[in-house]
Amino acid sequence: MTRIARIIAIMTGLALVATGCLGQSDEEPSDTQRGAEATEVTLTIAANAVSGGKNAEEADWIENYVIPTFVEQQQADGVDVTVEFQSSGVDDEDYKSKIALDLRTGSGADIVSLDGIWVGEFAEAGYILPLTEVVGDSVEDWDGWEQIPDAVQANMAFNDERYGVPAGSDGRVLFFNKDLFAQAGLPADWQPASWEEILDAGRALQGISGVTPIQLNAGTAMGEATTMQGVLPLLVGTGQRIYDEDAGTWQGNTQNVRDVLTFYQRVYGEGLGDPTLQQEAQGRDKSFAEFAAGTIGILMEGDYFWRSVIEPTAGVAPMPTRDEVVGYTKLPAMTPGSGLDGQDFVSMSGGGGWVLNPATEFPQQAWELLTFMNSAEATTELVAGGARLTQREDVNDEILADDPMLSFIAEEVVPLSAYRPGLAVYPQISVALQQATLDVVTGMPPDEAAAKYQEAVEAALGGADDIASD
Amino acid sequence: MTPRDFVGRIGFYVLIGLVTAFFALPMLWLVGTPFDEQPGLALSVPDPTLGNFSELLDNRFALPSLLNSVLLALGTAVLVVAFAATAAYSLSRVRIPGRDVLLYLLLLLSSIVTGTAAMVPIFLLMFELGLIDSRVGVVLVLSGGLLPAAIFILKDFMDSVPKSYEESARVFGASAFQILRDVVVPVIRPGLATIAVWTIVNVWGNFLVPFILLRDADKQPAAVLMRTFYTEGGAPNLALISTFSLLFSIPVVVMYLFVNRKYGFRFYGGIKS
Amino acid sequence: MAQQTTLPPAEQPAPAAEARPRPATDVAGLGRGRAAAFVGPAMVLIAVFLVFPALWTLYIGITNYRLTGVQARVPEIVGFDNYADALGDPTFHNALFLTLVFVLFSAVLGQNLLGFALARSLATLRPVLRRVVESLVLLAWIIPGSIVAFLWLALLDRDAGTLNALLQTPGLAWLIDYPLVSIIVFNIWRGTAFSMLLYSAALASVPPSQLETARLVGASRWQTLRDVVFPHIRGHVLTNTLLISLWTFNDFTPFLITAGGPNDRTEILPVYIYNTAISGGQMGYGAAVSLIMLVINLIIALFYIRLLRERR
Amino acid sequence: MAAIKLDGLTKVYPGGVRAVDDLTLTIPDGEFFALLGPSGCGKTTLLRTIAGLEEATSGSVRIGDRDVTHLPPGKRELAMVFQDYALFPHMTVVDNISYPLKIKGLAKDDRLGRAVKAGDELSLDGLMQRRPAELSGGQQQRVALARAIATHPQVFLFDEPLSNLDARLRLEARTFLKRLQRDLGVTTVFVTHDQAEALAMADRMAVMDAGRIRQVGTAREVFQRPASTFVANFIGSTPMNLLSGVVRGQAVNVSGQIVQLPGDARQHVTDGQDVVVGVRPEYLSLSQSAADGALRGVVAIVENLGTASLVTLESDGFTVAATVADGEEPAIGTDAWALPIPGRTLVYRREDGELVDAPVVAAVA
C-alpha cells in the first residue's frame, strides 16, 4: 500500500511542478569538506568499459588494480573504503544518456568517465562542476598536472576551468600500405606535404586492380568517424576550427568548408575512394577489414587503428604483417603552412577523462581516488598490456620508448593537435558535416553541399548569428 | 488428379519451398558462424571449432546475463499474463462504457513509452520511486508498456469464448474465482501461452529500459551485454557476437518449442471445431 | 446461441442499435466490485508506468528540453514551435513518407498477405512439413532484434553476403541500392509470424459448410475469399492490421541494419526520433515528433475501423 | 422436487427493452413445461431469470417454498442445459460431469461415483475419459444431461437442448428426454422455438410473444383452441387458415362467401363486427361438389405430406388450405369446396386478434 500511496503522491506532485521538473535547480555550493573525516567510505566509479567487452583493459584495470590497491592504501591510513565499479561498455551515445540521467538526479557514481567532447554540455547543464568547486583549491596542488600537457588538459576543460582529469590522448595520421606503395612506385617513407600529394599517391595506386586507393571517411553512416577522421582534420588543415571559441562562431558556408568538400569531391569524383562503402551502415568496419586485407592504400585514422584494429593478434581486423607493411605519416595541411596557426601538419585529438560527481558524499576521498587513478604507477599499470598514449608525459616517456608508432604520435602529432568543441549543439553540427560529405560523395557539387550545410547549421543554432560564412 | 491439378500442386510446393527458403536463409549465419574460426559476415562452411565458445565463456557476464534476461522476462511475463488475463476477462464480460476507445488509446500511448523519447520521464519517475538499479523497476516499466497490447489481444480472444461456459459454471454455484481458475484460464490457455511468449520475446530483446534503469553490471540482461561486444571504435567483435547470439537465441527457441508442445502455440478462434 | 436472447418485439419502438443481439451485461456474474478488482492491477500499472510517462513526454514536446547543455538546466516552453519545425522540416516529411511506405508494404500488404497465405496453405500441408515451415516463420519472430540485424547484414552483405553468393551477383550492395526494399522485405520476414498465427485461428472459425457452398456454386478462389472467408474474419483482419501497423510504425530494428541510411533513405520515424532525441540531444523535438506519430497512428486506426467495421 | 412460481416477473434491460413483462406463472411440481415462441420473444430471458443468470427487475421467483429471486444461480438448486451444452473443452467427460459436484464440495470418491452412475444412466460408459471434442453431437448432449442429473437438482432448465442435433437424432432425443424426465420426476422448464417439439414433449406450455405469455395450456388446448391469431399462426405443422370477414347475422362474410359462426361465438360478436375466422386445414373437409357453408375455390397447389396432402384453394380475396387423405387429391385447376368440421371453427376479433370467447387479456393460468 505504501508504494501505491507513494506513487499517487509523486504523480500529483510531479504534475503540479510539471514546468519546473525538467530543469535543474541551481544548488547552493555545498561543503567541499563534507565527509572528509569519515572512516567508512563508499566510492563508485562509472566508466563505459566492461570486462570481456568494450574497453575491457580499462575495466580490468579498475577492478583488479585500482580498487584493491586503493583500498589497501586507505586501510593503511585507517580508513575503511569500499570502491564499486559500475561498468557499461555500450555505444557512447547510450552511455552518455545514462550518465546524464544519473548526474541530473544527483545520483550516480562518484567518479565518472566522460568523453572530453561532452564536458561543455554537461557543464552547461549543471551536471558537473569545476574541480575546485567540488573539492576545493587543493586541486591545484596536485603534482600530476605538471605531467599532463596543456593541450591534453584542455580536453577536460570548459571556459578555462578544469572539470576533470584527462585519461589518455590520441592523434590522427595517415596510414598506408607499403606493399601497395611499392607496387605503385611510391616510397616507403612517404610524407605528403599537401592534399594534392595525397591525391597524387592515390592516382598512382589507382592502377592496381582490386585496390581502393584512399579511404576517407564520409557520410552519415560512419557517424562521428566521418567528422573526426575526415572533415575536422581536413578543416584544421585549411586553418580553421569548426568552432572558434574566441569569436564564438561556427563554420558555416565558408571557403574552408568548401575546400574540404572539394577535396572529398576529388577523392570520390576521381574514383580514388569507394563511394558505396561510405554509405553502408557497417562501412567503417569493412574499411578496416579491407585495409587489413591489403586492398586499401591510404586510410586516415587515429592511433586506435594501429593498436586495436590491425594489431596482429588481438585486433578486430588483425594484420599479422602490420609492423612491416603499414606505414604512417602526419596529415599535411591543405598546402604547406595553411594549417591551424600556420602549421604544415595537423591533427585532431579526442579522448576522455574522469570527472567528479558534484553530489558525491565524499569529495575529498573521491579526489584522492581520482588522483590515485591518474598517478604514474596507476597509469603505467593501465597500459601494461599494450602500449597506448597516456595523458602523462612521464609515463609516455617510459613506456613508449619501445613503440615507435606511439612515440611518434606522442612526440610529433599531439603537439599539433586540435580538439572538438564540447558544446551541446556540436552533435547536430557534426551530423550536418557528415551529410555534406555524403552529398558530395553521391554527386552534389561542393558549393551546393556547403550551402545546404549552412542551412542545417542555421536550423541547429536557431539563426545565423553565430555562424561564419563568406 | 488431372494434369492441371498436378501442375498446380507442384507449383504450390515450389512456392512453399521458396517461402521456406526465404525464412530459413538468414538463419544459416546463426548456425554456422559461431563455429567458424574466423567469424565474419561471410557464410562459410567452417572448420568447426569451439574456440569462440570458450572465449565467450571467459566473459564472466555472459552466462549470468542470460539468467538476468530469464528473470526479467519471466517476471514481466507473469505480471503481464496475470494482469492482462484478469483485465481482459473483466473487460470482455462486463460492459464498461467506452472500453474499446480506452483500449485503443492505451495501445497508442504504449507506442510512445516504448520509444526513446520517453526515456527521461521514465528514468525520473523510477528515480523518484526509488526503483533505479532494481529488477522490479525494469519489470514494472516493461509490463506497463506491454499490457495494453496484451489486454487488447486477450480480450479479442476472450470475446470468442462462448459465455455459456461461465454461465454453466455459475449455475453449478462456482464462484467468480473458481470460474476463472477452473474454466476460463484452461479454455484460453493457448492464448495465455501466446501472450507469455510474446511478452518474453519483447523483454528478451529490450535494450534501452534495462540499460537505463539498472546500474549494476551483474544485473544487466543479455540484450545489454550483446552491446558490449564492440570495440571502443564501434567495431563488432563477430566471434563473440555470433557465438553469444546463438546462446542468446536458444532460451527463447526452447521456450517456444516447449510452449508449442505443451499448450499449442496459436490464437484461438472459438471452441467449436 | 445469443441469437434469441432478448430481441425486442417489433411492436416496441426499439432504436436501431437494439436491433442486433445484445451482449449480456455481466455474464460471468462478476459484479461491479470484482470486475473493478480484476481490471484494477493492470490499470494501475498502466497508469503509473505508461500513461504518466507518456503524458510527461507529451509535455516535454512543448519545451526545448535537451538531455545536456543549457536547455537541460533551464528548459523553456516553446509551445508549438517543435511541431511547426517538424511539420516544416523536409527531413521529417521524408521520414514520414518512408514510414508510410514501409508500413504499407511491409505490414499492411506484406505481413498481412503472406501471413494469410501461409495460414491458408499450411492447413493443407502434411503435419511434419507444416510444423517445419511454421517453426521457421515463428523463429524469425522470436529471435531478438539485435541478433536478427546481424543475420540480415550477413545475408545482404555486399562482398560476402549469402544472397549475392546464391544469386551470383557479387558486389551488389542491396542495402545501398535498394535500401527501402531491403528493410521492407526484412520486416515481412520478421513479422509475418503474428499474422500467420492470427489468421490460422481466424480461418478455423469459417464454417466448412459455407466453403463447400461456395464450391458448389462454382465460385472462384478469389470469390470464395471475398464472399465467404472475408466476412467471417473481418474482425480478425482489423485487429491484425491494426496491431502490425502500429508495431511496424514504431519498429526500431531497421536502424540496426541500415542506421537510417544511405542518405536517409531508410530513416523511418522511430529512427528519426532516435537520431534527433538521442544522437542530436533534442529531447523536446523528439517528444513532439512522438506525438505526431501518435496522431498518425490514431488516424490510421480510425481509418481501419471505418473500413472494416461497417457491419456494426 | 419443487414447483416454480413466478409472480409479476419483469426484466428490463438497460436501454429500456422489456424482455419479460409482468409475468405471472405457476409450474407445478414434476411438470414438463415448455416455453415456446419466436426468436426474441423473451423465452430465453425468462429461463435465464429463473436460473438467476439475469436478475429480475421486479417481481419474484419461487422454487418450492423458497423465494430465490435474489439468490445467485448456484444457490437455487437447479441444473441448466445450454443450447451449445457448454461442456468444458479441457475436461474429460467424467470431469465435466463431476465438476458441479466438486464445486458443491463433495469428496472425490463420492463425486466420481455419482458421475459414473449418471454416465451409466445415459449410456456414456466407455466414453468417460474422452474430451468433448471427441464426441458426436448426441453424445455431447447426453453428457450435458448427465452433468445436470448428477447434481440432483430440484429443477431442470433446458435452453433449446435439441437445436444442435440433426433431424433424426432430434426425434430420438425427444423421446429420450421425455422418458428421462418422467423417470426422474423433476420439474423441468424448457425453451424452444419449435412448436412440434413443444407439442410432442411438454405436459403444458406457454406461448410467448413480446415478453408476455399469450397462452398457457396443454398441447391439446393450445393446438385446438389457440387463444389468439398469433398463437394460431405459430402452432401447428401446417399454418391455420385465418380468413378476414365481417359478421352478418349467424355467419361471417369472407370476401363474399359465407362461413357459419360456431354456436358459442355468436353471443360474443355483434352484427357488422370485423373478425377473423380461424380453421385448421385438418378440420376442413374437401369435396369436389358444392356444399352448404363450404368455401369454394380453385385448386392451386397440392403438397404431399406423407400420409395426407395439403391442398390450397384460391378464391377471390383469400386462399384456404385443407388436408385430404392420401389418394383423394383433386386435380389442379378444378373447383373444390372446403367445409369446416362443426365445432372446430374459431372466431377472433380483428382489432386485437383475440379469440372472441376469451377475455380481452390473454389467458393466464
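Chains as they are written, first to last, in my numbering: chain A, 1 to 470; chain B, 1001 to 1273; chain C, 2001 to 2312; chain D, 3001 to 3365.
C-beta atoms are modelled at their ideal positions from N, C-alpha and C, and glycine is treated no differently.
For Ala-359 of chain A, same chain residues with a beta-carbon under 6 Å away, outside a window of 5 residues either side, are Gly-106 in chain order. The C-beta distance from Ala-1176 of chain B to Val-1259 of chain B rounds to 27 Å, too long to meet the 8 Å contact threshold. Taking 8 Å as the CB threshold, Tyr-2274 of chain C lines the interface with chain B. Annotation: Arg-2234 of chain C to Arg-2215 of chain C spans about 21 Å, alpha carbon to alpha carbon. In the same chain as Trp-306 of chain A, and ignoring 5 residues on each side of it, the C-beta atoms closer than 6 Å to its own belong to Met-405, in chain order.
Residue state for Phe-3082 of chain D is assigned as coil, using DSSP reduced to three classes. Distance from the CA of Ala-3196 of chain D to the CA of Pro-3038 of chain D, rounded to the nearest whole angstrom, comes to 13 Å. A direct Cα-to-Cα measurement between Thr-295 of chain A and Ala-432 of chain A gives close to 30 Å. Taking the CA atoms as reference points, Lys-3104 of chain D sits about 12 Å from Pro-3153 of chain D. Here DSSP, grouped into helix, strand and coil, assigns Asp-3335 of chain D to strand. Pro-1048 of chain B is classed as exposed because its beta carbon has fewer than 16 other beta carbons within 10 Å across all chains shown. Between Leu-1225 of chain B and Leu-2246 of chain C, the beta carbon gap of about 29 Å keeps them out of contact (Cβ cut-off 8 Å).
Looking only at B:Ser-1092, B:Phe-1022, B:Arg-1227 and B:Pro-1210, the smallest Cα-Cα distance to Phe-2038 of chain C is reached by B:Ser-1092.
Per the Cβ contact rule, the segment 161-177 of chain A is in contact with the segment 340-351 of chain A (3 or more Cβ pairs under 8 Å).
Val-2074 of chain C and Glu-146 of chain A have their C-alpha atoms some 37 Å from each other. Contact of Ser-1249 of chain B with chain D is not assigned, every C-beta pair being separated by 8 Å or more. For Ala-1174 of chain B, at least one C-beta of chain D is nearer than 8 Å to its own C-beta. In the displayed model, Leu-2087 of chain C falls within a helix according to three-state DSSP. The three-state reading of DSSP puts Arg-3248 of chain D in strand, counting E and B together. The segment 2169-2182 of chain C makes no contact with the segment 2136-2150 of chain C; the number of CB pairs closer than 8 Å stays below 3. In the structure shown, Pro-3340 of chain D falls within a strand segment according to DSSP collapsed to helix, strand and coil.
The beta carbon of Ala-3202 of chain D lies closer than 7 Å to those of Phe-3032, Phe-3033, Ala-3034 and Ala-3219 in the same chain, with the five residues before and after it left out. Annotation: the continuous alpha helix (DSSP H) that includes Met-2283 of chain C extends over 2283-2308.
In the structure shown, Lys-1155 of chain B falls within a helical segment according to DSSP collapsed to helix, strand and coil. Ranking B:Leu-1140, B:Asp-1218 and B:Gly-1234 by CA distance to the CA of Leu-2045 of chain C puts B:Leu-1140 first. Counted as a single uninterrupted DSSP element, the alpha helix (DSSP H) harbouring Lys-3102 of chain D occupies residues 3093-3103.
Nearest neighbour of Ala-3227 of chain D by Cα position, chosen from D:Arg-3349, D:Arg-3170, D:Asp-3007 and D:Asp-3125, turns out to be D:Arg-3349. Taking all protein chains in view, the Cβ of Tyr-1013 of chain B is surrounded by fewer than 16 other Cβ atoms within 10 Å, so the residue is classified as exposed. Look at Trp-354 of chain A here: in three-state DSSP terms it is strand. Secondary structure note for Ser-1160 of chain B: it is in no alpha helix (DSSP H), with a DSSP letter that is neither H nor E.
When DSSP assignments are scanned along the segment 2116-2159 of chain C, the uninterrupted stretches of alpha helix (DSSP H) that are 4 or more residues long and fall wholly within it turn out to be 2127-2142 and 2145-2156. Within the same chain, Cβ atoms closer than 6 Å to the Cβ of Val-2289 of chain C are found at Ala-2086 and Ile-2273, the five residues on either side in sequence being excluded. For Gly-1040 of chain B, a Cβ of chain C is located within less than 8 Å of the residue's own Cβ.
Taking CB atoms only, Ser-2245 of chain C has no neighbour in chain A less than 8 Å away. Residue pairing by DSSP places Lys-3011 of chain D opposite D:Val-3020 in a beta bridge. Under a 10 Å Cβ-count criterion, Asp-150 of chain A is classified as exposed, with fewer than 16 other Cβ atoms of the shown protein chains found around its own Cβ.
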